[in-house]
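Protein sequences appear in the order of chains A and B.
Sequential numbering of the first sequence, starting at 0, is according to numbering that gives the first Met the number 0.
Sequential numbering of the second sequence, starting at 0, is according to numbering that gives the first Met the number 0.
Cβ coordinates follow ideal geometry from the N, Cα and C atoms, glycine included.
Some notes on the structure that comes next.
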Amino acid sequence: MTLALETRSVIKEYPVGTGTIKAVDEVSFSLQRGEFVALVGPSGSGKTTMLAMLATLLSPTSGDIVIDGQELAEMSQAARARFRRRKIGFTFQSNNLVSYLTALENVELMLRLNGEYNAAGKKRAKELLVLLGMEERMDMLPRQLSGGQQQRVAIARSLINRPTLVLADEPTASLDTERAYQVVETLANLVHEQNRAGIMVTHDLRMVEFADRIIHMLDGGVERIITPQDDLSCLADPGVCTMIPADTLGVGEQ
Amino acid sequence: MWTGVHLAFKEIWRNRGRFLLFSMVVALITVLVLFVAALGEGLGSGNREYLEKLNAELIAYQDTARLTIASSRVDCTTRRAIRAVEGVRDVGPLGFSGVDIPMDDGTEPLDISLIGVEPGKPGEPPVVRGGGLVRRSADEAIIDRTVALMTGLKVGGQLVIRSTQGTEDELYSLQVVGVTDSRKYGLRPSVFVPIVTWDDIRPKASAAPGAEDPACNVIAVQLEDPTQLDTMRQRLDAQVDGVELVDRQTAYENTPGYTAQQSTLNTQSTFALLIGVLVIGGFFQIQTLQKVPQIGMLKAIGTPNSTIAVAAIVQIVMVTLLGVAIGSVAAVGLSLSFPPTIPIIFEPRSGATSVVSLLLIGPIGGLLSVRYSLRVEPLVALGLGS
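Below is the structure:
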């Protein structure tokens, strides 16, 4: 397996009054290609801040983030934007799609941004949408699609450029249970099949069953890393869990 | 760049009702600006047309008249003195007065400027039909195009002019010998008559026949070398007493009310353009505010700022272009339905200036929204920023 992502002692501090508050505190982990990880934790645990740093939208106060062998700290704003559209696929919980572009055009937008809007790219976009069960709705505008369908289009867009890392921020937040399962299962399957590395931030602990690993964040730090086969009750009540040794999971947590 | 253009066109097309509605607002502003410009041109032209087209380079006023034609009186001796100065090709006396033409059908009489000229001398307009004036005291006239249009008179027809002599209205019958192009003066169409005939007809405090060699209001001075305007003016000032000489532009700018009228209309145009800047700026700013989460999402997926800026600018330019095009066509179309008495003139240069100004107000008005778009933080798409 190839290393897709590595974070080393990442800290993110925000100034508050005369002091600072640590939103992310000494987070270290790594992710291989073909691996789908769920990032869970209560509100304020730092998972969205962590996701924003992985997406190169925020810079860590200290520590290193390396994606596909490239150190993000060295990059300028423009280089980060370029890196983001080439190496990172993104799915948000809402406002995912450009409202005036059809489903197909939304997916093709990434091709246009990367200068790959050609016959092969267009074919790939259609194939992805077909794979996601959207063949009948490619020419529909987002407002004509259900929440689940919109998320599937967003997943297609996040994968069209064959990114190293796929990030999903609460992709099931606005979906009913059945659609939520479908969307996460599809995302996990595609990450595995296409050999990408995927991280999904979620509040919904039912969705972690599709993840290879679960990173549980609490108060800005990594509380524990477990697998779906472990006792998940500790995610709801941290007191009942024991830490899973990092070496048994192949995870670089320190 | 093309991705930005693509995004702009897609958004306009998929929201064409909204954008068309806004283009109509721009079109209305365009109609307003063009009409104000055309009205300014029409009114200005109505005041200055004759003097602007005058076949003389300098105009000599009585030096105490402060460049007011109606107050100026120049006699024959002065006229001859000007003619005698080296470098002067020819001179022509010009007399101006206001009279009217009674209409046969009982409608309102047509107010005209009666302009006395010396036949064959500077000041007599070239004719487009018929011939010129022949004798200094003949009962003949050249009418301008507007008079011909409004009275239906043709070459060879009889023109009746009403003038007040003392307290009585007198009618004077003149034969139309020629028709010239539009030569308005004092916002009225013009009739040109020989200077002695003019002195006979012009309204006077008491009825009296015209003098054999009447005093006129001003003298049109034609130069041998029109490029020597300043030199000749200085020479004439030095050699001829009792006159003040100015070029044609200075002459018509000193027509009573001309400068005040033009500056009023220019102020209106400027305000209309400023309103346009604010309306366009406001529209695009509101639209940008509504799109903040979407712009944030676009940036979060790696869309460069240049693409966002191009999309915003292309939209602004397209909406403005469409609005200005619709407004221009509407303004010209509407003007065709106006009677010729309404002083609306779409002059190419001032029209082009207005259109260019209108095309510029879009991008100027939209600059704020473009700047705002560029400052949207992609983190808003993640709910981390605002």
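Does the Cβ-Cβ distance between B/A55 and B/V73 come in under 8 Å?
Within the second sequence, residue 55 of chain B is the residue found at index 56, counting from 1. Within the second sequence, residue 73 of chain B is the residue found at index 74, counting from 1. Not closer than 8 Å, so no.
Rounded separation between B/D236 and B/N265 - CA only
Taking the second sequence and counting its residues from 1, one reaches residue 236 of chain B at position 237. Taking the second sequence and counting its residues from 1, one reaches residue 265 of chain B at position 266. Spanning the two alpha carbons is a distance of roughly 34 Å.
Per-residue DSSP class, three states only, for B/I344
Within the second sequence, the letter at position 345 stands for residue 344 of chain B. Note: B/I344 maps to coil in three-state DSSP.
Tell me which residues share the same chain as A/T48 and place their Cβ nearer than 6 Å to its Cβ, disregarding the 5 neighbours each side in the sequence.
Translated into positions along the first sequence, residue 48 of chain A becomes position 49. So the list reads K11, A22 and V23, once near-sequence residues are dropped.
With 8 Å set as the bound, which would you pick, yes or no: does the beta-carbon of A/L53 sit closer than that to a beta-carbon of chain B?
The residue labelled residue 53 of chain A in the question sits at position 54 within the first sequence. Taking Cβ atoms only, chain B never reaches closer than 8 Å to A/L53, which makes this a no.
Other residues of its chain near B/V375: CB distance less than 6 Å, five sequence neighbours each side excluded
By one-based count along the second sequence, residue 375 of chain B stands at place 376. Closer than 6 Å at Cβ, skipping near neighbours: V291, I294 and G295.
On a Cα-Cα basis, can you pick out the residue from B/T196, B/A204 and B/R232 that is closest to B/C215?
Mapped onto the second sequence, residue 215 of chain B falls at position 216. When only C-alpha atoms are compared, the closest one is B/T196.
Suppose contacts are defined by Cβ-Cβ distances below 8 Å. Is A/V182 in contact with A/L174 by that definition?
Residue 182 of chain A sits at position 183 when you count from the first residue of the first sequence. Residue 174 of chain A sits at position 175 when you count from the first residue of the first sequence. Contact flag set, yes.
From A/K125, A/C233, A/E208 and A/M206, pick the residue whose C-alpha is nearest to that of A/H215; which is it?
To locate residue 215 of chain A, count along the first sequence from 1; it is residue 216. Looking at the Cα atoms, A/C233 is the closest of the given residues.
DSSP-derived helix/strand/coil call for B/P101:
The residue given as residue 101 of chain B occupies position 102 in the second sequence. Residue state, collapsed to three classes: coil.
From the beta carbon of B/M296, is the nearest beta carbon of chain A less than 8 Å away?
Looking up residue 296 of chain B in the second sequence gives position 297. Output row for B/M296: interface = yes.
Who are the Cβ neighbours of B/A271 in its own chain at under 8 Å, not counting the five residues just before and after it?
Taking the second sequence and counting its residues from 1, one reaches residue 271 of chain B at position 272. Hits under 8 Å: I28, L31, V32 and V35.
If the cut is a Cβ gap below 7 Å, which residues of chain B does A/R111 touch?
Residue mapping note: residue 111 of chain A aligns to position 112 of the first sequence, counting from 1. Residues of chain B passing the Cβ test: T2 and H5.
With 8 Å set as the bound, which would you pick, yes or no: does the beta-carbon of A/A188 sit closer than that to a beta-carbon of chain B?
Within the first sequence, the letter at position 189 stands for residue 188 of chain A. The amino acid occupying residue 188 of chain A in the given sequence is Asn; Ala does not appear at that position. So, not an interface residue.
Per DSSP, cross-strand counterpart(s) of B/S112:
The count along the second sequence starts at 1 and reaches residue 112 of chain B at position 113. B/G97 and B/S189, per the DSSP bridge assignment.
Classify B/V176 as helix, strand or coil using the three-state DSSP reduction.
Within the second sequence, the letter at position 177 stands for residue 176 of chain B. DSSP places B/V176 in strand when its eight states are reduced to three.
Report the three-state DSSP secondary structure of B/M0 (helix, strand or coil).
By one-based count along the second sequence, residue 0 of chain B stands at place 1. B/M0 falls in the coil class under three-state DSSP.
Around the Cβ of B/G165, are there at least 16 other Cβ atoms within 10 angstroms (buried) or fewer (exposed)?
On the second sequence, position 166 is the one that residue 165 of chain B refers to. B/G165 should be labelled exposed.
Quick one: using the 10 Å Cβ neighbour count with 16 as the cut-off for buried, is B/P377 buried or exposed?
Indexing the second sequence from 1 puts residue 377 of chain B at position 378. It counts as buried.
Under the three-state DSSP convention, the category A/G40 falls into:
If you number the first sequence from 1, residue 40 of chain A lands on position 41. If DSSP states are grouped into helix, strand and coil, A/G40 belongs with coil.
Pull out every residue of the stretch 291–321 of chain B whose Cβ sits closer than 9 Å to any Cβ of chain A, in chain order.
P292, Q293, G295, M296, L297, K298, A299, I300, G301, T302, P303, N304 and T306
How would you write the range of the alpha helix (DSSP H) that B/V195 sits in, first residue to last?
Along the second sequence, read from residue 1 onward, the residue named residue 195 of chain B stands at position 196. That run of the alpha helix (DSSP H) goes I194 to I200.
May I ask you to list, following chain order, the residues of the stretch 6–39 of chain B that have a beta carbon less than 9 Å from some beta carbon of chain A?
L6, K9, E10, I11, W12, R13 and N14
Beta-carbon separation (whole angstroms), B/V190 vs B/L158, contact threshold 8 Å:
Within the second sequence, the letter at position 191 stands for residue 190 of chain B. Within the second sequence, the letter at position 159 stands for residue 158 of chain B. Contact flag correct, Cβ pair sits at about 7 Å.
Pair within 8 Å by beta-carbon distance, B/V152 and B/I160
Here residue 152 of chain B corresponds to residue number 153 of the second sequence, with the count starting at 1. Here residue 160 of chain B corresponds to residue number 161 of the second sequence, with the count starting at 1. Inspection of the sequence shows that residue 152 of chain B is occupied by Leu rather than by Val. Against a cut-off of 8 Å, the Cβ pair of B/I160 and B/L152 comes out as no contact.
On the DSSP bridge list, what partners appear for B/I307?
If you number the second sequence from 1, residue 307 of chain B lands on position 308. B/I307 is not bridged to any residue.
May I have a chain-ordered list of the beta strand (DSSP E) segments no shorter than 3 residues that lie completely inside the stretch 159–207 of chain A?
164–168 and 196–201
Inspect the beta-carbon positions of B/P188 and B/D143 and report whether they are closer than 8 Å.
By 1-based counting over the second sequence, the position of residue 188 of chain B is 189. By 1-based counting over the second sequence, the position of residue 143 of chain B is 144. Contact flag set, yes.
Please list the partners that B/L378 has in chain A, where partner means a Cβ-to-Cβ separation under 9 Å.
In the second sequence, counting from the first residue as 1, residue 378 of chain B sits at position 379. In chain order: A51, L56 and L57.
Taking all protein chains shown into account, do 16 or more other C-beta atoms lie within 10 angstroms of the C-beta of A/V152, making it buried, or fewer, making it exposed?
Translated into the one-based positions of the first sequence, residue 152 of chain A becomes position 153. That one is buried.
Close-in-space but distant-in-sequence residues of the same chain around A/L98 (CB under 8 Å, 5 per side omitted)
In the first sequence, residue 98 of chain A corresponds to position 99, counting from 1. Rather than Leu, the amino acid found at residue 98 of chain A in this sequence is Ser. Around A/S98: L140, P141 and R142.
6 Å CB neighbourhood of B/S71 in its chain, flanking five on each side removed:
Sequence index remark: in the second sequence, residue 71 of chain B carries index 72 (1-based). Only Y60, Q61, A64, N216 and V217 meet the Cβ criterion.
Assuming B/I360 contacts B/V276 (C-beta within less than 8 Å), just tell me the rounded distance between them.
Here residue 360 of chain B refers to the residue found at position 361 of the second sequence. Here residue 276 of chain B refers to the residue found at position 277 of the second sequence. Right, the Cβ-Cβ distance comes to about 5 Å (below 8 Å), so this counts as a contact.
Ordered along the chain, which non-local residues of its own chain (more than five positions away) have a Cβ less than 7 Å from that of A/K121?
Counting from 1 along the first sequence, the entry for residue 121 of chain A is found at position 122. Excluding sequence neighbours, A/K121 sits near E107.
With 8 Å set as the bound, which would you pick, yes or no: does the beta-carbon of A/L103 sit closer than that to a beta-carbon of chain E?
Of the chains in the structure shown, none is chain E; the protein chains are A and B.
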